[in-house]
Structure formats: structure tokens, C-alpha cells
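Below is one structure; the comments refer to it alone.
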Amino acid sequence: MATIKAVSVFQSIKEAFKPDHQIRMPRLSHPAFPITLRPLTLDDEEEWNEVRWRNNDWLAPWESGDPMHGGFITFNQWIQRQRRNEQHGVGALFAIEYQMRIVGQISLGAISYGSMRTGVVGYWVDQCYAGHGFAPMAVALLADWALTDPFGPVLHRLEIAILPDNARSLAVVRKVGAHHEGLRERYMYVNGQWRDHVTFALLAEDAGQGFANRLASQNLQ
């Protein structure tokens, strides 16, 4: 019996990292929301760069990075890397679009399958559109696709890690209904130093009729 269990655990770990879970990128929207999530493409370079440049001071305090591999890459290289991540099923990157303009970005990364089926969500929104509810809408749309859509990655759990002093982002996860899980010390490298993060989770069991539908009904109240 012990041998069978050991083999089962090994197979589960192996399955979690198999690169054969290709992600087919959709466009995501909801009739009650004015935004659309769509894949970023090479054609978005000029517009994306303009939005990021204009929001540099707004986003810099929360910007994560790799302290060991922080070298510059071009937009083309970055998008090609995202396409490879999608092909291997380990990540998905969406532009947040409003009235045909890019107003932010949301990503699903660090995806694992097998017995865990988890992923990590990150997002940002143009300062000009902060407070319009676009970030909660984007998280809800992404969660419905990633957790419940049979054509999505069909994950069980999404994690969102937030700096304790990022009040706006904390408000986002609370609006969507994410579970507060606790503090992780020195969890992520942000703006030049290892920072503590508060972690939240969205679970497939909590989707009900959909995170986006629930958020839409709250907005109508």
C-alpha cells in the first residue's frame, strides 16, 4: 500500500509540471462591465509603452522584479516569452481594454497542474481609470475563466499577493470576495527589496454562478 501511494505522489508531482497544457487565449467580457480582457500582441507595443511610461511613478512602488535576472528585454521579446508560456500552459497575459484602449493589464502565472492546479494573479490599472472598478472586474473575469471555464486551464485555486500598504489593491480582492490567508514574510522582491505580502485566494468552490455575476449584482445594489 505504501509503495502505491508513493508512486501516486510522484506521478502527481510529475503531472503538475508537464508542459502539455497549452492555453488557448480568449477574449473575456461581461454584459454588465465596460471592459474586455484580450491577449496582448506585438501590435500593442506603442500603446502599451505609452500607458506604462505615463504610469511609471504610479506603479513603481508596487513593481516586482527578479533580483538575479533584471536585464532589459524588448517588448517583442517579452510578448514572445508570453506566447511560449501560453503554449506550455504556465502563464496567460491579458490587456484590460476600455473603449478600444489599453487601460491596464492582468496576468495568470506560476501555473501548476496535477494535484494542486494553482496559479498566481497580478494586475495593474492606469491611474486615470483607478476607482472605476476596472481591477475588480478584471480579476472576476479572469477567475471565472481560469477556475470554471472548461476551455480554460480549469484550476482549483488562484493566489493574489499584495503589499500590506497597497490599500487600493487590498480593496480589489475584498470586492471580488477573495479569502484572506495571512502574511508571508519577505515573499516577493518589489522595488529593490524583499517585501512582506498579504495573501488572498479565490477557490473554484466559491465561484457559484460566477465571480463576475456576483460582482455585477453588487454594483447594481
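Here the UniProt record's numbering is used: position 110 in the sequence shown is 110, and no number is missing along the way. A virtual CB, placed ideally from N, CA and C, is assigned to each residue, including glycine.
For Pro67, is the classification buried or exposed, using 16 other Cβ atoms within 10 angstroms of its Cβ as the cut-off for buried?
exposed
Residue span of the alpha helix (DSSP H) that contains Glu47, given as start and end:
Glu45 to Arg54
C-beta atoms of Ala143 and Leu158 nearer than 7 angstroms:
yes
What does the Cβ neighbour count give for Gly208, buried or exposed, with the cut at 16 atoms within 10 Å?
exposed
Excluding the 5 residues preceding and the 5 following Ile35 in the sequence, name in chain order all residues of the same chain whose CB lies nearer than 6 angstroms to its CB.
Ile96, Tyr98, Phe134 and Met137
Three or more C-beta pairs closer than 8 angstroms, one from the stretch 161 to 174 and one from the stretch 183 to 200: is that the case here?
yes
Give the secondary structure of Phe211 by DSSP, where H, G and I count as helix, E and B as strand, and everything else as coil.
helix
With a 10 Å radius around its C-beta and 16 neighbouring C-beta atoms as the bar for buried, classify Asp57 as buried or exposed.
exposed
Short Cβ contact (7 angstroms threshold) for Trp48 with Ile106
no
Take the Cβ of His30 as the centre, count every other Cβ of all protein chains shown within 10 Å, and call the residue buried at 16 or more, exposed below.
buried
Grouping DSSP H, G and I as helix and E and B as strand, with all else coil, what is His88?
helix
Specify the secondary structure class of Ser217 as computed by DSSP and reduced to three states.
helix
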